[in-house]
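Visitor: This structure is in structure tokens; I'll ask about it shortly.
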Amino acid sequence: MNGGDEVVAAPAGPPQPLEWKFSQVFGERTAGEEVQEVDIISAIEFDKSGDHLATGDRGGRVVLFERTDTKDHRGSRRDMERMDYSISRHPEFRYKTEFQSHEPEFDYLKSLEIEEKINKIKWCQTANGALFLLSTNDKTIKYWKVQEKKVKKISDMNVDPKAMGNGSIASSSNSSSSRSFLANGVSPDGPFNYLSNDFSFPSGGIPSLRLPLVTSHETSLVARCRRVYAHAHDYHINSISNNSDGETFISADDLRINLWNLEISNQSFNIVDVKPANMEDLTEVITSAEFHPTHCNTLAYSSSKGSIRLVDLRQSALCDSHAKLFEEQEAPGSRSFFTEIIASISDIKFGKEGRYILSRDYMTLKLWDINMDSGPVATFQVHEYLRPKLCDLYENDSIFDKFECCLSGDGLRVSTGSYSNLFRVFGCVPGSTEATTLEASKNPMRRQVPTPSRPSRSLGNSITRVVRRGAESTGVDANGNAFDFTTKLLHLAWHPTENSIACAAANSLYMYYA
């Protein structure tokens, strides 16, 4: 303000790499235990608050978990300090309930079996203490309401024998059931002798005679399917995404994206259709789609050619023409037989504010700025050591595995899975060299390979375009074991407000915090 007296704060450097610790595991396998196909987890999703977590499996079940560390300590800060309780405690979850979302079906018109595997789960807005979520298999989307219901019990009418004096109560129904009855319930043997001759009714009546009462002490969680959105997709559904308006959602298959209203299950609007007039001309398919987190008119979808298209619903009812196209130009001389296969994007996620899009292809994670469509602002090599093995991975179909990705709530880090039940965490702030490799086990740091961190290479302007190789390895872990391509960590989710990651290794759900 006054000439040279103004003090300019030095720009803060990138945050320190996080130290990840094991938190919990659900469904842990014992050594040598065989995993049942139906128990393998196929979808993971936190709700917006981070208090609930849902998983879906190949058996069509949805399992819900609820956070416990916030519920148990809702006192004031002073009470917590008096109890010497740490407020920055890491998230802990417990099993809440589960339900059968989808059953195996058979399409008789196409002679096609529809498996029950849950492809995606999305949380909807809560209302009146009830939880709402969408789940989908290959063909059918369902809208579920999970609510606590009081269990009603009827207390039996009975008479206390002590209040009967010398009288006696009739014997059990078994002894009286052998008697024969006439019309209107009259017995030919005479009336029942419920009370003995010397019994007399007290003047105030029998105080212990109780009429049946309906009581409800216990509560149980009930999952009810509110709506079924079916018969709108000819191809397998790969994505569902809620709109920020709370009223609509999209579902995407290989060639089309449909827009639904949550309240209307028998009608949807086709907003994107990439199906050519002649299927022989088909060159790319839709692989993932997601709504913008705050702009209800904007959505993005990715393709098998490695491009991401941003669509504005205000421009046209049928959004075949995109508002923006994000794709990376191919380096000259780098093309091979596998180039197109590994360029296919398996998952995209918007950042919390909607400024950035994270995409995952077979070899890399890419971070895109929606205001800059010339190329990604950062690229992270996930498992570069696999590049010489692409031919083997093509032979055993592993090259077609679809890995998911996620961003931290603060937007400072990104994460994705790999083989041998490993997952990577990268710092995405310019200048950050964080590239951590973790294993989905009780000792997540077991697979750490000590390699010097490489500084990122700046290629652009203030928002630098970065190529970061991460901690590359030779295909052998710290214990000298070869990487296992049969165990893959495809599904993971980052807690919306805290540094906590949930990831699926086969039928086990592992949770970590930093």
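Residue numbers (the working numbering): 5 to 518. Where a beta carbon is used, it is the ideal one built from N, C-alpha and C, also for glycine.
Pull up the distance between the alpha-carbon of Asn503 and that of Glu443, whole angstroms please.
Guide: 17 Å
Visitor: Taking the alpha helix (DSSP H) that Ile345 belongs to, which residues open and close that run?
Guide: Thr343 to Ala347
Visitor: Could you have a look at Tyr366 and say whether DSSP puts it in helix, strand or coil?
Guide: DSSP places Tyr366 outside both helix and strand once states are collapsed to three, so it counts as coil.
Visitor: Rounding to the nearest angstrom, what Cα-Cα distance links Val278 and Asn301 in this structure?
Guide: 20 Å
Visitor: When the Cα of Lys4 is compared with those of Ser224, Thr130 and Lys114, which residue comes out closest?
Guide: The chain is shown only over 5 to 518; residue 4 falls outside these bounds and no answer can be derived.
Visitor: What does the alpha-carbon distance come out to for the pair Asp373 and Phe354?
Guide: 10 Å
Visitor: From the DSSP output, read off the bridge partner residues of Phe404.
Guide: Its beta-bridge partners do not exist; DSSP assigns none.
Visitor: Which word fits Ile280, buried or exposed, when buried means at least 16 other C-beta atoms lie within 10 angstroms of its C-beta?
Guide: Before going further, note that residue 280 is Pro rather than Ile in the sequence given. Pro280 comes out exposed.
Visitor: Considering only residues of the same chain and omitting the five flanking positions on each side of Ser325, which have a CB-CB separation below 7 Å?
Guide: none
Visitor: Within 10 Å of its beta-carbon, does Gly435 have 16 or more other beta-carbons around it, so buried, or fewer, so exposed?
Guide: exposed
Visitor: Taking the beta strand (DSSP E) that Tyr233 falls in, what are its first and last residues?
Guide: First-last of the beta strand (DSSP E) with Tyr233: Leu217 to Tyr233.
Visitor: On a Cα-Cα basis, can you pick out the residue from Lys149, Asn511 and Ser424 that is closest to Ala227?
Guide: Lys149
Visitor: Which whole runs of the beta strand (DSSP E) in the region 391-449 are 3 residues long or more, in chain order?
Guide: 409-411, 417-421, 426-431 and 439-443
Visitor: Figure out for me which residue from Gly310, Arg260 and Asp414 has the closest Cα to the Cα of Arg359.
Guide: Asp414
Visitor: Give the secondary structure of Asp277 by DSSP, where H, G and I count as helix, E and B as strand, and everything else as coil.
Guide: Under the three-state reduction of DSSP, Asp277 is assigned to strand.
Visitor: Is Leu426 closer than 8 Å to Leu493 when the C-beta atoms are compared?
Guide: yes
Visitor: For Val29, list the residues DSSP reports as bridge partners.
Guide: Tyr514
Visitor: Taking all protein chains shown into account, do 16 or more other C-beta atoms lie within 10 angstroms of the C-beta of Phe404, making it buried, or fewer, making it exposed?
Guide: exposed
Visitor: So, using beta-carbon positions, are Ile125 and Ser139 closer together than 8 Å?
Guide: yes
Visitor: Roughly how many angstroms separate the alpha carbons of Asn258 and Glu294, rounded to a whole number?
Guide: At residue 258 the sequence reads Asp, which differs from the Asn that was named. As the crow flies, the alpha-carbon of Asp258 is around 14 Å from that of Glu294.
Visitor: So what does DSSP say about Val386, is it helix, strand or coil?
Guide: Per DSSP, reduced to three states, the secondary structure at Val386 is coil, with no helix or strand assignment.
Visitor: Pull up the DSSP beta-bridge partners for Ser272, would you.
Guide: Trp264
Visitor: So, with DSSP's three-state summary, where would you put Val289?
Guide: coil
Visitor: Identify whether Pro18 lies in helix, strand or coil by the three-state DSSP scheme.
Guide: coil
Visitor: Smallest Cα separation from Leu416: which of Asn123, Ser422, Pro500 and Glu38?
Guide: Pro500
Visitor: Got a sec, what are the start and stop residues for the beta strand (DSSP E) Thr302 sits in?
Guide: Thr302 to Ser307
Visitor: Specify the secondary structure class of Val42 as computed by DSSP and reduced to three states.
Guide: helix
Visitor: Can you give the beta carbon distance from Thr219 to Lys146, rounded, assuming they're within the 8 Å contact cut?
Guide: In fact, because the Cβ distance is near 33 Å, the residues do not count as touching under 8 Å.
Visitor: Given that a residue counts as buried once 16 or more other Cβ atoms are within 10 Å of its Cβ, and exposed if not, what is Arg98?
Guide: Arg98 counts as exposed, since fewer than 16 other beta carbons sit within 10 angstroms of its beta carbon.
Visitor: Which class does Glu70 belong to by DSSP, given the choice of helix, strand or coil?
Guide: strand
Visitor: With a Cβ-Cβ cutoff of 8 Å, do Ser533 and Ile122 count as a contact?
Guide: Missing from the structure shown is residue 533; the chain here goes from 5 to 518 and no further.
Visitor: State the CB to CB distance for the pair Ser292 and Asn242, rounded to an integer number of angstroms; the pair is presumed to be in contact (CB under 8 Å).
Guide: 6 Å
Visitor: DSSP beta-bridge partners for Gln151?
Guide: Val226
Visitor: Going by C-alpha distance, which of Lys406, Ser402, Tyr398 and Arg428 is nearest Ser412?
Guide: Arg428
Visitor: At 3 residues or longer, what runs of the beta strand (DSSP E) sit wholly inside the region 112-141?
Guide: 116-118, 124-127 and 135-140
Visitor: For Glu222, which of Gly54, Val155 and Glu96 has the nearest alpha-carbon?
Guide: Val155
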